[in-house]
Amino acid sequence: MLLNLAVLPGDGIGKEVTTEALKVLQTIASQYGHSLNYEEALVGGAALEAEGVAITEATLNMCRASDSILFGAVGLPRYDQEPMERRPEQALFALRKTFDLFSNLRPVKNLPVLQNASTLKPEVLNGVDLVVVRELTGGVYFGKPSQRYTDEGGRKAVDTLPYSEQEIERIVRVAFELSKSRNNKKKVTSVDKANVLNTSRLWREVANEVGRDYPEIELEHMLVDSAAMNLIRKPSAFDVIVTENMFGDILTDEASMLAGSMGLLSSASLGSFKNASGGQFGMYEPIHGTAPDITGQGIANPLAAIGCAAMLLRLTYGLEKEATAIETAIENVLQKGYRTPDLYESGMTKLGTAQMGDAVVAELKG
Ligand code: IPM
Ligand code: MG
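Just so we're aligned, residue 599 is where the sequence shown starts under the numbering used here, counting upward by one.
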C-alpha cells in the first residue's frame with residue numbers, strides 16, 4: 599500500500615515528536631511492505647514567520663492531495679498578545695474547517711505499568727478505557743459574533759456558542775457507532791450544561807433522538823461540572839463520552855492524567871471527507887501542544903505522536919495489524935522501564951525523545 603501523507607510538524611516540540619512518529623511509520627512500512635511517501639510544510643508560528651500566515655493555501659492544497667495529515671502542535675508564547683487572526687492556532691482551525699473534521703476522537707487508557715505515573719490512586723485507575731468524542735468544528739470556537747469592542751461601558755468582548763441539530767446529530771451518532779464497535783461497556787455519556795445553556799438543551803434532545811436508533815447502547819446524560827468530578831472519582835465507569843467543542847477540550851486535558859501524562863494522548867480528527875485513495879481522510883495529532891518550556895531539549899515524550907501513527911494506520915488505511923504492532927511496541931517499551939522525564943520514576947531508565955523513538959523502533963524490529 600502507498601501511504602501518502604501530509605506532515606505538519608508545527609511549533610515547539612511538535613517537530614521533535616513528529617520526527618519520531620515518522621521513524622516508526624517508516625519502520626512499519628518496510629516491515630509490512632508499504633511505501634511511505636510524505637510532503638512536509640510549515641504551520642503555526644513557523645508559517646507566520648516564514649510565510650506571513652498560520653497556514654497557506656498551498657499547504658491546504660498539499661493536504662488535499664494527501665491521504666491524511668500527521669500533525670505536531672502549534673502555538674508559541676511570543677504570539678500571546680497578537681489578535682486572534684494572527685495567532686498560530688488559526689492553522690488548526692483552518693484545517694478543521696476546510697476538511698470538515700467535526701469528529702475528534704481522544705482515547706484514554708490506563709496502562710497498569712504506568713499507574714504510579716498518575717497523580718491518582720491505582721485503585722481509581724484500574725480498568726480505565728474510555729474515548730472522548732469531541733465535536734470539533736462548531737460551538738464557541740467558531741460562533742459569530744466573536745470580537746472585542748469598546749462602548750460607553752468600557753472594554754467588552756463577546757463570543758457566541760451556536761449549535762444546529764445537524765451538527766449535534768452527526769457527532770452523537772459517531773459516539774454511538776464507536777460504543778457499538780468497542781468491546782466495552784456499551785455506554786454513551788453525553789456531557790452538556792443543560793441546566794443553563796440552550797445549546798445544551800438542544801444537545802440533550804437530539805442525543806435522546808439518536809439514542810433511539812441504538813437500543814443496545816445505554817445513553818446517560820451528565821452535566822459538565824459533574825463529568826469533571828466523575829472523571830477523577832470513578833473514571834472506569836465511562837465508555838464513550840460525547841460532548842461539544844469547548845467542554846471536550848477541557849475534559850480531555852483532565853482525562854489525560856488518567857493515562858499518566860499528556861505525552862501519551864493521541865487523537866484523530868475525522869469528518870465527511872474521503873481521500874484520493876477512497877479511505878477516511880483524517881488529521882492525527884497528539885493533544886499535548888507545543889510545550890515551550892521543554893522545546894529544544896530533546897526530552898519531550900514522543901509516544902502520543904507515535905500513537906497517532908497507529909491511529910492513522912487503523913482509521914485511514916484499515917491496517918489493523920500494523921496499528922496494533924505499534925501499540926504493543928509502546929506498551930512493551932514502557933514495560934521494560936523506559937521513560938521520558940514526564941513519566942519518570944526512580945528505578946526506571948530515563949530516555950530522551952529520539953532514544954524513545956529508537957526504543958519503539960527496536961521493539962518493532964524484535
Ligand atoms: C486542543 C488544543 C487546541 C484546542 C488549541 C491549541 C487551540 O488545546 O486541540 O485540544 O483548543 O482545540
Ligand atoms: Mg486542548
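Just so you know, even glycine gets a beta-carbon here, dropped at the ideal spot from N, CA and C.
Can you list, in chain order, the residues of its chain with a C-beta nearer than 8 Å to that of residue 739? Leave out the 5 residues immediately preceding and following it. Translated into positions along the sequence shown, residue 739 becomes position 141. Excluding positions up to five away in sequence, the list reads 691, 843, 844.
With distances taken Cα to Cα, identify the nearest neighbour of residue 672 among 655, 647, 656. Taking the sequence shown and counting its residues from 1, the one referred to as residue 672 is at position 74. Of the listed residues, the one whose Cα sits closest to residue 672 is 647.
Tell me whether the beta-carbon of residue 964 lies closer than 9 Å to the beta-carbon of residue 946. Position 366 of the sequence shown, counted from the start, is the residue given in the question as residue 964. Position 348 of the sequence shown, counted from the start, is the residue given in the question as residue 946. Contact: no.
Can the beta-carbon of residue 758 be found less than 9 Å from the beta-carbon of residue 790? Indexing the sequence shown from 1 puts residue 758 at position 160. Indexing the sequence shown from 1 puts residue 790 at position 192. Not closer than 9 Å, so no.
Between residue 856 and residue 728, is the Cβ-Cβ spacing less than 9 Å? Position 258 of the sequence shown, counting from 1, holds the residue named residue 856. Position 130 of the sequence shown, counting from 1, holds the residue named residue 728. Yes, Cβ-Cβ distance for residue 856 and residue 728 is below 9 Å.
Any heavy atom of the ligand IPM nearer than 5 Å to the CB - residues listed: 687, 847
Which partner residues of residue 749 appear in the DSSP bridge assignment? For the purposes of this step, residue 749 is taken as residue 151 along the sequence shown, with counting starting at 1. Residue 749 pairs with 752.
For residue 672, three-class secondary structure by DSSP: Working through the sequence shown from its first residue, we reach residue 672 at position 74. Correct three-state label for residue 672: coil.
Using DSSP with H/G/I as helix, E/B as strand and the rest coil, what is residue 733? Here residue 733 refers to the residue found at position 135 when the sequence shown is read from its first residue. Strand, per DSSP.
Contact check, residue 607 vs residue 655 under 8 Å by CB: the rounded distance? Working through the sequence shown from its first residue, we reach residue 607 at position 9. Working through the sequence shown from its first residue, we reach residue 655 at position 57. Not a contact, Cβ separation roughly 19 Å.
Cβ-based burial, residue 682 [other Cβ within 10 Å; buried from 16]: Along the sequence shown, read from residue 1 onward, the residue named residue 682 stands at position 84. Residue 682 comes out exposed.
Going by DSSP, what residues sit across from residue 882 in a beta bridge? The residue given as residue 882 occupies position 284 in the sequence shown. Answer is 668, 866, bridged to residue 882.
Would you identify the three-state DSSP class for residue 917, choosing helix, strand or coil? In the sequence shown, the residue the question calls residue 917 occupies position 319. Coil.
Given a threshold of 16 other Cβ atoms within 10 Å of its Cβ, counted over all protein chains shown, does residue 675 qualify as buried or as exposed? Locating residue 675 in the sequence shown gives position 77, counting from the first residue. So residue 675 counts as exposed.
Give the DSSP bridge partners of residue 704, in chain order. Along the sequence shown, one-based indexing puts residue 704 at 106. 730.
Is the segment 801-819 close to the segment 764-779, with three or more CB pairs under 8 Å? yes
According to DSSP, which residues form a beta bridge with residue 634? For the purposes of this step, residue 634 is taken as residue 36 along the sequence shown, with counting starting at 1. For residue 634, which the question treats as bridged, DSSP gives the partners 601.
Tell me the residue span of the alpha helix (DSSP H) that contains residue 849. Translated into positions along the sequence shown, residue 849 becomes position 251. Element bounds for residue 849: 843-857.
Following the continuous alpha helix (DSSP H) through residue 803, name the residue where it begins and the one where it ends. Locating residue 803 in the sequence shown gives position 205, counting from the first residue. 796-809 is the span of the alpha helix (DSSP H), which, as asked, contains residue 803.
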